[in-house]
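One structure below.
Number of protein chains: 2
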Amino acid sequence: MSQENVTPDLARERSKATFDVENLAEFMIGGRDRLKRKRFLQNIAIQDPFFKKQKSWSFCSVEEQYDMGLSKSIYIQKKLQEMGITDMQEAFYYRECAAAHENSPLGLHYAMFLPTINKQATPEQKKKWLPLAENYKMIGTYAQTELGHGTFIRGLETTATYDPKTKEFILDSPTLTSKKYWPGCLGKTSNHCVVMAQLYTQGKSHGPHMFMVQIRSMEDHSVLPGIEVGVIGNKFGYGTNDNGFLSFDKLRIPRENMLMRYSQVGRIPRENMLMRYSQVSRIPRENMLMRYSQVHEDGTYVKPQNAKLAYGSMVLIRSSIVSDAARGLAQACVISIRYSAVRRQTEAYPGGEEPQILDYQTQQYRLFPLLASAYSLQLAGKYVFNTYLEVNDQIEKGNLESMPELHALSAGLKAFSTYEASAGIEVCRICCGGHGYSQASGLPKIYVDVVPGCTYEGENTVMMLQTARYLMKCYSRAKQGQKLPGFVQYIGQNLNKKSCMSEEVALGCLVMAYEHRAARLVEAAAMRMQSLIQGGKKQHEAWNGSSVQLFWAAKAHCHLFCVKNFVDAIQAKSLSSKTVTVMKSVCQLYGVHGILENLGEFMQDGFFSGEQVGYLQRKMLALFENIRPNAVALVDAFDYPDMVLGSCLGRYDGQVYQALYDYAKSAPMNQTEIHSTYYKHLKPLINPETTSDAMQFAKL
Amino acid sequence: MSQENVTPDLARERSKATFDVENLAEFMIGGRDRLKRKRFLQNIAIQDPFFKKQKSWSFCSVEEQYDMGLSKSIYIQKKLQEMGITDMQEAFYYRECAAAHENSPLGLHYAMFLPTINKQATPEQKKKWLPLAENYKMIGTYAQTELGHGTFIRGLETTATYDPKTKEFILDSPTLTSKKYWPGCLGKTSNHCVVMAQLYTQGKSHGPHMFMVQIRSMEDHSVLPGIEVGVIGNKFGYGTNDNGFLSFDKLRIPRENMLMRYSQVGRIPRENMLMRYSQVSRIPRENMLMRYSQVHEDGTYVKPQNAKLAYGSMVLIRSSIVSDAARGLAQACVISIRYSAVRRQTEAYPGGEEPQILDYQTQQYRLFPLLASAYSLQLAGKYVFNTYLEVNDQIEKGNLESMPELHALSAGLKAFSTYEASAGIEVCRICCGGHGYSQASGLPKIYVDVVPGCTYEGENTVMMLQTARYLMKCYSRAKQGQKLPGFVQYIGQNLNKKSCMSEEVALGCLVMAYEHRAARLVEAAAMRMQSLIQGGKKQHEAWNGSSVQLFWAAKAHCHLFCVKNFVDAIQAKSLSSKTVTVMKSVCQLYGVHGILENLGEFMQDGFFSGEQVGYLQRKMLALFENIRPNAVALVDAFDYPDMVLGSCLGRYDGQVYQALYDYAKSAPMNQTEIHSTYYKHLKPLINPETTSDAMQFAKL
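Chain order of the listed sequences is G and F.
Note that the UniProt record's numbering has the first sequence beginning at 1, numbered continuously upward.
Note that the UniProt record's numbering has the second sequence beginning at 1, numbered continuously upward.
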């Protein structure tokens, strides 16, 4: 990034760094070549006059955002084609820069509609639909969630009833709550839609299946008879996406429109079906959970074959949500830490210079642990993704052993990371003081982009409890003397230990502490379950009555993973010794801060003594001082260009005040000296001889 | 509220309640008459066709929001006049309903500009300006914060240099960072402004003083020469307010425009100056911190007299922020808890009915402690306000003794409550699942209205450290054997105690636990300070090096207050025994949950045993079961009509799905079957013979 015009404060920060930023940046992205390629692609977007001429999204109405989103989306796809980019990761780098935090109105066409045809349709269906979809005659999306039904797919109410007389399915939305509601790209963009509906044939229900439904004319985009479709209205963010509703009034579609190659059945959580654009574009579609089912012409339902359960796609989607969340938090840290090095506030002693606010211990206390989290979560997302690739190879060879553990971990990590990142982004924003509240800071947008990750693709509590279910299984196996696989071996360990923590705060003692805490909370949850069942509760009542403790156990499990994975990651050979020294401090801070924030869970059984807690508290403050000189370099190493950050406060050159002022000047309301509202409301107030609407009304 | 059309689930919830909602609602608002009057006034707003015909704010662009905000604001003022309402609390009830969470573009005219003239101007100035301002010839605001300067008022850069030759002040913005930035109502609405600037006369600086500056013509609203003014651009929320920037190019104003009756001096924190509309409208202006200063015609500066420091206005503003935050959290609880009683999700066991999500223990774990917080914070705001009134009486009689304690408490409580409420509102939103992310839920708007409270009127960390400074003084007095006043008597107490906690979880043992924790953390912070000073650090370095622990101490102090005040409040005679039973559970939950969330701080010194922690954990789960049947009744008792909530999910009648659907149907994008974007971007994509802008560009 250009060194020109960098403020002295930021220049000094960078010169103080004790490690080579490039070394860390290469490590985080996965090598020097990839970093180079990423910069090359992002520079193309940065230089492109098409993006330069766009109005700031924050000055656009929701309709303008949608319009701009569609225009950019089409342009980006075109450019990727021109550049011959087919690698999903490369496309992501370009798009991340070209349309940062802007959800595409064509996203689900690429990420869900095309792949669904590819993978779920019969050869005949593919032959018919693929050319149309690839050439944008059909523009499609995927509709599952209903007004009254989300995570629980068996609760869906939309019906598809087979009529053997006409060889048609009758699609119907029998209730208000059965309307499809929330699917992206549905309200105004798509003319086709893959619809998940309850299949009925020969008087029997066969659970949710997928159907191809045309909803608008391919000629003039008008809505077809029997269909009601529109947007669901405005949201906290996602202005570029026309999330929609859709309902059917006994709409007849040919039998051939049921996706019959493979189809989804009832007991599978929806996480493997509904996928967001930014995520799925990077995910091989081969990994979808598939079974076989058909409806013959006479209405006979052919059950799906027993197919091996492949958790792959879920693991991948969740690992991508972990990475999305980590990226959002990292960007927020870049903005807040750079700004805190530029911003000076309140003389420390009478007549003294106003210090950089990053020198305040309280500011370090709020920001540095989040910086550590951002690194930890990025490394966690990376681990899950890479491990998936390995495990996938094993699955190809018929070895499913490692998948359940990874699957359970990824569910919990999805929840853990989105909670941590969302809350952390807001702390970063608040750490920017008043200016953080301006859209010019870029932070509100990052927040509203990341926070829905807590509820989509499986509500976070449900995710945590999925992890907990696996942990309970492991616990019972451990109690039966079975050996547990890999990372969960800590479960069932001896809990009568004391911490080895000394003043140095060794990484090994940190990991041991997290293992002990997780093991204890897993056991506590299992004991609670057991005692409720012994007290006469039914299984599901006992589960619900233990679910808070199950949640705690799952959270501790994920937290342990993040600590352990961080410790392992910084052993990498590609890191220089100087980088390792700095990253060790960051890693220690992650571990120490996490213990202090959840101290009771580490102390309840006397694992830590009060004295040891004192070590941790002093160490945390000492780590702030270690990290302080490298703070700006540590956020530089995330390597987000200004275009990705979209922030006046987080600029690489630190020229924040000029940028804020320029932003203000460009506001539409500043393009006229006197706003039209003056003539409507203020003038009649100042000169009451003329009278405004409001005043007239008041006189009625 | 109307019982018509209430969903069976909500009707059943209400019939299950074990206490009289009216009894609790009367208590919370301060009596039966006030509740009646509030409902009367809010019903006027609810029935008024003027408000009914308004478009939903969420479908308005920022410019439309500003327009609507101004129109509503003028209408509301007119109505209040017609109704002869002068009581600030009554006006607030009406406005809360008529313009819920909508910051008025005339707010600072009423709340800051008029009162400043009234209180800070000389009799001659008042005679000149008051009639003009009262008749809206002058529409004004107050400008203090600058682009580069916030909390630290002595750092302000705008100058007012007296020129004795022309008897004028020269107002100047010498730097980019000196531009006024953020003042409300400034960008487009006001034609006058009270400006805080550094006074220079006879070559000497005399610190910040106030000046009356005309910025726009009263005839045609054009911007006057020497002035640059505009909006600062878009924000996370506050769309109705034209927060602005303002700078001066050597602008000359007459000497008589310095507000000379009383004027503010340098060392006073800005919290007593910058006031938000919703708050200050309820605050008697007599309480402003005032001193005397003047500039004579020849340029002689007359120092302010020593006036008694009256912290009153700060206490009041902060108590109103506590109440604002509590109100936001309470409203979020109403929405999320009602919706959780309507929403059904995931059969608990195969074939079972989908339970109300409020029956899930994890949902109770997230929502019930927030409900308890909402009650606790409302009671805290009420206490500070009422105590202020008492203390103010004492001050009138010359007794300043109680003020410093209340002042320190209110600073910390402002920070404590805004942090708690902001984070809590987001949890409530996330507890509504996907629908919480829709603006139809009302929750995003509540959040963006409450969360800036963390940074305005004194940044929260600075506030907490103000409280800590007072606590350190108390600690040192206690160590010198002096008796401490009222509520801070716990400081310096014997720390070698153990908790009296038993399985019953007596309220007294809860209070004792919070006292012990706060006392210990105050001592720990003091010891840290002492050891740093003994190690050779300067006072300000030691302060900064202890500030994390000082923050912890202040937080513990505020938390203790909230617990103790809650325990005291539910002893009120007006509460029926049935209400007390329920409120005791809520109060216990507040105390128990707070301990478990901060457990390390209660355990580090062995105050609690592991066994006692087990009591608390089991009690928390048991309290969830106690509170569950009364949850809906407990939020009903906040008595917010649907118009205040502005939420499809939080409706009193529980008809959430119909409301969501109606909201969607009313979206502007649904008013046409085919969106204009289709013709611009989609049609050329589907039929590439025609070519869109974006595609053309791509071909360049």
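Note that the Cβ used here is the ideal one computed from N, Cα and C, for glycine as well.
It should be emphasised that the depicted structure is a prediction, and the values quoted were computed from it without experimental measurement.
Nonlocal neighbours in the same chain, by C-beta distance under 7 angstroms from residue i, ignoring five residues either side
| i | result |
| --- | --- |
| Gln-319/F | What sits at residue 319/F in the sequence shown is Ser, not Gln. Around Ser-319/F: Gly-381, Val-384, Phe-385, Tyr-388, Ser-410. |
| Asn-626/G | Ser-585 |
| Ala-25/G | Leu-35, Ala-637, Asp-639 |
| Gln-612/F | Ser-499, Met-501 |
| Val-511/F | Val-563, Lys-564, Val-567 |
Interface partners of residue i on chain G, CB under 7 angstroms
| i | result |
| --- | --- |
| Cys-454/F | Ile-430 |
| Leu-409/F | In chain order: nothing, as chain G lies at least about 20 angstroms away. |
Nonlocal neighbours in the same chain, by C-beta distance under 6 angstroms from residue i, ignoring five residues either side
| i | result |
| --- | --- |
| Ala-518/G | Ala-556, His-557, Leu-560 |
| Pro-629/F | Lys-16 |
Collapsed DSSP secondary structure at residue i in the structure displayed
| i | result |
| --- | --- |
| Arg-285/G | Only weak support exists for where Arg-285/G lies, its pLDDT of 32 falling under 50; the value from the coordinates is given anyway. Of the three classes helix, strand and coil, the one that applies to Arg-285/G here is helix, per DSSP. |
| Leu-645/F | helix |
| His-221/F | coil |
| Ala-100/F | coil |
| Pro-404/F | helix |
| Thr-418/G | helix |
| His-192/F | strand |
| Lys-235/F | strand |
| Phe-368/F | helix |
Residue i: contacting residues in chain F (beta-carbon distance under 7 angstroms)
| i | result |
| --- | --- |
| Trp-182/G | Gly-434 |
| Gln-361/G | Asn-544, Gly-545, Ser-547, Val-548 |
| Glu-673/G | Ser-222, Val-223 |
| Ile-46/G | What Ile-46/G touches in chain F: nothing, since even the nearest Cβ is about 16 angstroms away. |
| Ala-111/G | Ordered by position in chain F, no residue passes the 7 angstroms Cβ test against Ala-111/G, which lies about 17 angstroms from the chain. |
Any C-beta of chain F under 8 angstroms from that of residue i
| i | result |
| --- | --- |
| Pro-8/G | no |
| Pro-269/G | Legend: pLDDT at Pro-269/G = 34, less than 50; position of this residue unreliable, no value from coordinates given. |
| Val-505/G | no |
| Asn-494/G | no |
| Asp-324/G | no |
Below-8 angstroms beta-carbon distance, residue i vs any chain G residue
| i | result |
| --- | --- |
| Tyr-657/F | yes |
| Tyr-277/F | Any reading at Tyr-277/F is ruled out, since the residue's pLDDT is 34, under 50, leaving its predicted position unreliable. |
| Phe-92/F | no |
| Thr-189/F | yes |
| Met-273/F | Because the pLDDT at Met-273/F is just 34, under 50, the model does not fix this residue reliably, and the point stays unresolved. |
8 angstroms Cβ cut-off: residues of chain F touching residue i
| i | result |
| --- | --- |
| Ser-61/G | Ser-61 |
| Thr-346/G | Thr-151, Phe-152, Gly-155, Val-462 |
| Gly-230/G | Ala-664, Lys-665, Ala-667, Met-669, Asn-670 |
Residue i versus the options, residue with shortest Cα-Cα distance
| i | options | result |
| --- | --- | --- |
| Gly-492/G | Ser-2/G, Lys-479/G, Ser-499/G | Lys-479/G |
| Gln-617/F | Ala-633/G, Lys-538/G, Ala-524/G, Lys-680/G | Ala-524/G |
| Gln-345/F | Ile-425/G, Asn-598/G, Leu-147/G | Leu-147/G |
| Gly-184/F | His-149/F, Val-231/F, His-221/F | Val-231/F |
| Leu-316/G | Val-548/G, Val-448/G, Glu-457/G, Glu-256/G | Glu-457/G |
| Asp-48/F | Met-403/F, Gly-84/F, Arg-95/F | Arg-95/F |
| residue 732/G | His-681/G, Gly-107/G, Ile-337/G, Tyr-447/G | Nothing can be reported for residue 732/G, as the shown portion of chain G is limited to 1 through 700. |
| Lys-53/G | Ser-71/G, Arg-37/G, Val-62/G, Arg-39/G | Ser-71/G |
| Thr-116/F | Asp-67/F, Cys-193/F, Pro-174/F | Cys-193/F |
| Lys-573/F | His-109/F, Ser-336/F, Asn-23/F, Thr-18/F | Asn-23/F |
| Glu-297/F | Thr-177/F, Thr-161/F, Met-212/F, Lys-483/F | Thr-161/F |
Any non-hydrogen atom of the ligand ATP within 7 angstroms of residue i CB
| i | result |
| --- | --- |
| Asn-670/G | Among the components modelled here there is no ligand, and therefore nothing to report on the ligand ATP. |
Partner residues on chain F for residue i, Cβ-Cβ distance less than 9 angstroms
| i | result |
| --- | --- |
| Gln-214/G | The contacting residues do not exist; Gln-214/G stays about 13 angstroms from chain F at best. |
| Arg-218/G | Here residue 218/G turns out to be Met, not Arg, going by the sequence shown. The answer, in chain order, is Ile-686. |
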